[in-house]
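As structure tokens, the structure follows; a few thoughts come after it.
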Amino acid sequence: MHDLGEFSLRDVAECTARVRRLGHGAGSMEEAASRIVTYLYEDLSDHRNGRRACALVRFYKTHPYGLLDAGRRRFAEARFTGEPAAPGARWLTLLATTGDEPAWCSVAGSRDHQAMPFETAGDAARAPKMVRLVDQLRLAPGLDGAAPPSSRSSASAAAIDFPTGDVFLGCAPMNPAGRPLDAAFATSHRICSMLGFGGLLPGGDLFVVVLFTRVAIGAAARELFKTLALAVKVGVMSFERGPVFS
Numbered sequence: 181m182h183d184l185g186e187f188s189l190r191d192v193a194e195c196t197a198r199v200r201r202l203g204h205g206a207g208s209m210e211e212a213a214s215r216i217v218t219y220l221y222e223d224l225s226d227h228r229n230g231r232r233a234c235a236l237v238r239f240y241k242t243h244p245y246g247l248l249d250a251g252r253r254r255f256a257e258a259r260f261t262g263e264p265a266a267p268g269a270r271w272l273t274l275l276a277t278t279g280d281e282p283a284w285c286s287v288a289g290s291r292d293h294q295a296m297p298f299e300t301a302g303d304a305a306r307a308p309k310m311v312r313l314v315d316q317l318r319l320a321p322g323l324d325g326a327a328p329p330s331s332r333s334s335a336s337a338a339a340i341d342f343p344t345g346d347v348f349l350g351c352a353p354m355n356p357a358g359r360p361l362d363a364a365f366a367t368s369h370r371i372c373s374m375l376g377f378g379g380l381l382p383g384g385d386l387f388v389v390v391l392f393t394r395v396a397i398g399a400a401a402r403e404l405f406k407t408l409a410l411a412v413k414v415g416v417m418s419f420e421r422g423p424v425f426s
């Protein structure tokens, strides 16, 4: 196991080598993503107490609404009523999840995040939790209503600022006021930080892995996750043209 509180170059090299191989033999992007979140949840540790460092690990991908699988489509239709979504509109889709609670260990167990509209600033008001979380990680500037792009349907993440060209990194503290998620969640699971890393797939869709951690992650250690983002990209991008869902 690797100590997240003292994450080093050696640690990221070992994790990167493992993550790059996790897509081998998978039957879909969803299966590869599930292997990745399971590995990170089980491997990253807090050596101060020997416990897992993450309470929850999730993998999201933007995906055309018209190509969602049946389960996520039913979720979207039941939760987001009103004018039907355009088939080509990108939705932020929960592809894999695992964590301390049984309900966190399956996509179907998620009450709020299976699929969320991700096209315009107005969508942040309709699906505030995760879409605003992505914005607070500074992964998608504009979703809070400040000069949003008129459309992201043809290249969903084209307007996102990627300082390194193809990967991003963001970290936000979990403070007592509950930002960016509710205080009850942060308190009951002793969450002190949230780390997001990901990038763009060749076709223009966004992927993001989010770690909810019990340990503070130093600036130097956070930067190492840019390398891990590239490994995740390698692990899943062979499935970009399908199959995406298991």
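Here the sequence shown stands for residues 181 to 426, where the numbers follow my numbering. Note that CB positions come from ideal geometry on N, CA and C, so glycine has one too.
Using CA atoms only, rank isn't needed, just tell me which of THR218, PRO244, LEU247, TYR245 is closest to ALA233. THR218
Whole angstroms is fine: what's the gap from GLY203's alpha carbon to GLY415's? 5 Å
Measuring straight from C-alpha to C-alpha, what distance separates PRO423 and TYR245? 15 Å
Between which two residues does the alpha helix (DSSP H) containing SER214 stretch? 209-223
What span of residues does the beta strand (DSSP E) with PHE392 cover, start to end? 386-393
Evaluate ALA283 with the Cβ neighbour count: other Cβ atoms within 10 Å of its Cβ, from every protein chain shown; 16 or more gives buried, anything less gives exposed. Classification of ALA283: exposed, given that the 10 Å Cβ count is below 16.
C-beta atoms of ARG238 and THR277 nearer than 7 Å: yes
Can you tell me whether GLY376 is buried or exposed, with buried defined as 16 or more other CB within 10 angstroms of its CB? buried
Going by beta-carbon coordinates alone, are ASP226 and MET181 separated by less than 7 Å? Contact: no.
Taking ALA295 as part of the beta strand (DSSP E), name the residues at either end of that continuous run. 295-297
GLY415 - DSSP class collapsed to helix/strand/coil: helix
Answer yes or no: do CYS195 and LEU410 have a C-beta to C-beta separation smaller than 7 Å? no
Beta-carbon proximity of GLY279 to ALA235, cut-off 7 Å: Yes.
Starting from the Cα of PHE255, find the closest Cα among GLY185, GLY379, ASP292, ALA212 and give me that residue. ASP292
Alpha-carbon to alpha-carbon, GLU263 and VAL388: 28 Å
Of the listed residues GLU257, GLU420, ASP183, ALA258, nearest to PRO382 (C-alpha basis): The candidate whose alpha carbon is nearest that of PRO382 is GLU420.
Hey, quick one: how far does the beta strand (DSSP E) through GLY398 stretch, first residue to last? From DSSP, GLY398 is part of no beta strand (DSSP E); its letter is neither H nor E.
Is the Cβ-Cβ distance between VAL199 and ILE216 less than 7 Å? Yes, these two residues count as a Cβ contact at 7 Å.
What do you reckon, are the CB atoms on LEU404 and PHE260 nearer than 7 Å? no
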